[in-house]
Every structure is written in C-alpha cells, then in structure tokens.
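As structure tokens, the structure follows; a few thoughts come after it.
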Amino acid sequence: MGRSLLKVRALMRREAGVYFLSPMAYVFAALFLLLTGYFFSVMIMSSQYIEMRSILHNMVVIFLFVAPVLTMRLMAEERRMGTEELLMTAPLTAFQIVLGKFLAAVVFWVLLLAATAVYPIILQVFGNPEVIPILTGYLGVILAGSTFLALGLFASSLTDNQVIAGVVSFTMLLILWVIGLAGESAGGVTGQVLKNLSFIEHLQDFPKGIIDFSDVLFYLSAIAVFLFLTTRSLERRRWS
Amino acid sequence: MLEVRNVTKYYGDSIGVDGVDFRVGAGEILGLLGPNGAGKTTTMRIITGFLPPTQGTVEVAGHDILEDSLEARRAIGYLPENPPIYPEMSVRGYVEFVADIREVPRARRQARVDNVLERLDLGPVQNRLVGNLSRGYRQRVGLAQALVHDPAVLILDEPTVGLDPKQIIEIRSLIRDLGRDRTVVLSSHILPEVSQVCHTVAIINRGRVVAIDSPEHLAGRLKGAETLKIGVKGEPGAVIAVLEKIPGVAKVTRIDGGSEPASGPVPQAGAYLLESYLGCDVREDLFFNLARAEMPLLELRPMDLSLEQVFLQLTTEEEGVELDG
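See the structure below:
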C-alpha cells in the first residue's frame, strides 16, 4: 500500500511539474485572476453586498472553460509521445496512472483557488463578511471543479488528439451544466432525474453555508465514475 | 528467465507475429534480427506486456505477463523503439521519476540514479532538459531509464540507433557486461551488432522466426553444406526436375526472380542455388546430367554464405533456405 502511494505521488508530482515548469500554469493563473478580479470588482461595486456568493459561482463558470484545456493533454499527450509505453510497462496499475494525473490537476485547481483568497481578505479588510458561507462556498467550488477535471481526463483518454479531447470534454461539461433546463421542461420524474444530474444544481447550497451530504456525494460519485471510466479506457487500449 | 511460447498476434486481419517461440536464460543475450516491419517491435511489446498476444504466453522470471502482470513487469527493464522521454523534465529528474514508478526503494534511489547516469556517461548533462538533448543523448537517457531498477530481464528495442560510432562501441560493451548475469533481448537490423553482442540470434521475417542459433552456427550451417550457384539454359521447370534427380542434391532454388514466362518460346538461361548434402560433390553428376538433357551449363560457382547472405536469403525469399544442414 505504501509502495502504491509512493508511485501515485511520483506520477502526480511529474504531472504537476508539467503545469508549473511550462508557462501554462502562469498564463492560466493570470487570466483566471484577471477575469475573477474583474467580476469581483464589478459585482462588489454594483451590488455593495459584502459576500462571495456570485463571485464563487463565476469562478465555476470560468473553470468550465479552463478545465478542458487543463486536462486535454493529460492522457492524449502520453499516447502521442510514446511515453504511454513507459507507464504501461512499469509496475503500475491503470488506476494508479489515472489517479496520479487527476490529483495533479486537482492540486493545480486548488492552488489557483488559493490565489483568489485575496478577494475574501479584501472583504475582511473593508467589511465584515460571514466566514462560514465563504468556506463552504469554496468547498463546493473545489468539488465541482474536480468533477470537471475528472470528466476532462476521461475525454483525454479517448483520443491521442488534444484538440478533439478538449472539444469533447467542453461539450460534455456544457451539456451536464445546462441539463437542468431540459429537466425543467420535461417535468415529472424524468425532469427530476435530469435536474439532479446537472452540475449547477448541486452547487446552489454551498455558498449559503449549507453542506448538504447529497450534494457532496453527487460530486464525489461523479468523480469516481469518470475516474473509473478513464481506467477502463486505458485498460481497453491494452486489450484492443 | 524469459519464455516466449508460441506467441501470435493479429492486428485485425493482418498478422503481426506468427508463432514466435524461444527461451532465453540468465546470462544470455538474444538478438532479434530482421528487416523493418518484421515483427521485432511487436514481439518486444508482447514480452513487456504492452500488447496482449492473440495466442500464446510469455513468462518473465516465472511470472506470466498477463496473469501475474505486475510481478512480471517488475522484473523487466524496457527500452522501447522511441525512447519514452518527457521533454520538459531534466535528465536527472526523469531518471528519478522512473526509479520511483519502478519501485526503487527511497534509500537506494540516489545511488542507483548516480550509478546509471555514470554508466551511460550522462553526468555532464544531468541537469539539462531531456527535450533539448540530441538524439544520441536521448537514446542513452532511454537506456538509463531501462536500467535504473537493476532489472533481471532487459528488453532493448534497437538500443544503438542514433548513437555515434564511439557511443555504439561503448553501449555494445555495456550490453555485453549487463548480459553476464541478466537476460537480455535486443533487436537490431545491423548484422555486425548482433553477431558481436549476442550469444543467440533469432532471424525474424514477416512475423516468424525463420532461424535461431548462435551467430557462428547460422553462418556455418550453410557453409558446411555445399552450395553452388549455377546458370543453366533451359526451361526452368525441366531444369529443376533434372537437377533434383542428381544424387546428393538437397535443395534447388531458383534465384533470378523468374520474371519471364515459364513457357516462353526460347529457353532462357536461369540461375539456381544448388544445395548438396555435406560431403557430396555433385559437380561431375551435374555436368553429365545436364549434358544428357541438352541443357548447357553456363556458370558454376561455389558459394560461401556469410551471416549477411543468410540473413538476406532468409528474409528476402518467399520460401527461404531451409537450415536443416
């Protein structure tokens, strides 16, 4: 078990290294902070409310566009560069490979969010915001973003073409984001099911300071499903 | 240490490897020799567990590559056809990463990495990015990666490709060194390399092992038997019929392609390879039998086949030359 964890950590560190050793991480961070900073300033100035609710929601929406770009190379690149052969012939299970990559992307996402901590700090300086909703709000954002990353990783495992992987994951994300609309028009049980599949639906309570167990479970199981599918996708390649 | 049993691999309908079967013990170096596309890389990918065989089994250090895949993979060091490098990593960082996923214990990692970097003369570039290195350096980084966990079985796909002559000599002697107490399988399309480094050579063509023996034997087997190259004027079918009746003749092979129509109006001169059993001199009978059949003998030349010629024959002819002595 200890040995497995060490291997996953090595994979994660290598993958995270790609983000931070290339200009990619810095470009992403700069643009993400630029956009969220713009929304933060505009919203605070126009609404005069001392809260993070809408800005947290905005971060998730922006990340909807960022996640496919962050994840599209994860598997596709290994295949294109031939390094897949190194990983698949090392004593690694497909799941360890998948987990290492997923965790690297999550680490990047969490660090990106850590940089946005400057906004609640500004609120703290100039006002007296409620702390609990901000913390639970961030928890929701981390969970939702991690789900996007798991989905993107899965899309990346389907092809060796990064652009295709990116487009596929963006489309899937967008559909799951707005599937609630279809639920509303469908109504009934079908409508309820569709609404519950929506990524946006389960994000509503977190910024209110409420941690609903079913929301947490939704994101965790969505992550588990996509990681499982990615693992199967890798294993299937071996058998085709 | 390594047993490949009757391995067959189909890619859809086309066959990649057809019934490949060999075993290599510890302290042995086996060379897979064959033209490009013969199935060397496919064979190696099956041995390392990267591709599953359609039929047959591979056992590495007593572990089945499919049933007991992780254990089998632990015993293998593998240099794929293209060195599997991450261009954005430093040489040292890359080798350390492979040491980690290859389960080199933390306490020994530093020493192992230093050891392979030094053995492959990568010390001076250890802090450079792999992506900025020349082809020869990348190949050596690929070798370092295959050696870092000190594996019992080494699978090296074209290990000297891209190296300069001095490096080739160094890497060959390194492989000979490693082969003293390990099992090594390497592939190559360069004959001298295989004959210098390997104890056993498997000549592989169109997915099949057409001959497997020591380099000396492979070259010697055809020398031992007499081979004559002859030119005879006459209708090829009739000529072969006459030649095959000569006592002591083991095999007759037409070697000039046979592009002209078999039943042309004017009998053409054709070239044939005539193999005879060891110790039989068929030249007198050959002369008289052809004379009786009114087929003029235009050329008669004894052949000594080098390993190179054996290789060419085995891999370029439809039937190949049977190497049964």
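Residue numbers (this note's numbering), protein chains in the order written: chain S, 527 to 766; chain P, 877 to 1201.
Think of the CB as a built atom: it goes at the ideal place given N, C-alpha and C, for glycine as much as any other residue.
Residue-level contact by beta carbon holds for Val544 (chain S) and chain P, with a gap shorter than 8 Å. Using a Cβ-Cβ cut-off of 7 Å, Thr917 (chain P) is close to nothing in chain S; its nearest Cβ partner there is about 10 Å away.
Take Met538 (chain S), set aside five residues on each side of it, and the residues of its chain with a beta-carbon closer than 6 Å to its own are Gly626, Leu629 and Ala630, in chain order. Rounded to whole angstroms, Ser683 (chain S) and Leu1149 (chain P) show a C-alpha spacing of 54 Å.
Only residues of its own chain outside the window of five on either side were considered, and among them Ala555 and Leu559 have a CB closer than 7 Å to the CB of Ala641 (chain S), listed in chain order.
Under the DSSP assignment, Val934 (chain P) falls in the beta strand (DSSP E) whose first and last residues are Gln931 to Val936. Leu1039 (chain P) places its beta carbon 8 Å or farther from that of Gly1018 (chain P).
In the displayed model, Ala1126 (chain P) falls within a strand according to three-state DSSP. In terms of Cβ geometry, Glu710 (chain S) and Gly717 (chain S) form a close pair [threshold 8 Å]. In this structure Leu906 (chain P) does not touch Ser1064 (chain P) by the C-beta definition: roughly 11 Å separates them, more than the 8 Å allowed. Residues of chain P with a Cβ closer than 8 Å to the Cβ of Gly692 (chain S) do not exist; the shortest Cβ-Cβ separation is about 20 Å. Excluding the 5 residues flanking it on each side, Glu604 (chain S) has same chain C-beta neighbours closer than 7 Å at Glu610 and Leu613, in chain order. Counting the other Cβ atoms within 10 Å of the Cβ of Arg978 (chain P) gives 16 or more, which makes it buried. DSSP places Lys916 (chain P) inside the alpha helix (DSSP H), whose first and last residues are Lys916 to Ile923.
As the crow flies, the alpha-carbon of Arg984 (chain P) is around 11 Å from that of Asn991 (chain P).
Secondary-structure assignment with DSSP links Gly1146 (chain P) through a beta bridge to P:Val1108. When secondary structure is reduced to three states using DSSP, Tyr645 (chain S) falls in the helix class.
Against Arg949 (chain P), the close residues of chain S are Thr615, Ala616 and Pro617, in the order they occur along the chain (beta-carbon pairs closer than 7 Å). A contact between stretches requires three or more CB pairs, one per stretch, nearer than 8 Å, and the segment 916-929 of chain P fails this requirement with the segment 748-758 of chain S. At the C-beta level, Val934 (chain P) and Val900 (chain P) stay beyond 8 Å of one another. Taking a C-beta cut-off of 7 Å against chain P, the contacting residues of the segment 579-609 of chain S are Gly608 and Thr609, listed in chain order.
Using a CB distance cut-off of 8 Å, Gly903 (chain P) does not count as an interface residue toward chain S. Taking a Cβ-Cβ threshold of 8 Å, the residues of chain P close to Lys533 (chain S) are Asp976, Ile977 and Glu979, in chain order. Relative to Ala1147 (chain P), the option among P:Met877, P:Val1115, P:Glu957 and P:Val1158 whose CA is nearest is P:Val1115. Comparing C-alpha distances from Pro960 (chain P) to each of P:Ala1020, P:Pro911, P:Arg995 and P:Arg1082 shows the shortest one belongs to P:Ala1020. Non-local beta-carbon contacts of Arg579 (chain S) in its own chain, meaning distances under 8 Å to residues more than five positions away in sequence, involve Pro659, Gly663, Pro733 and Lys734 in chain order.
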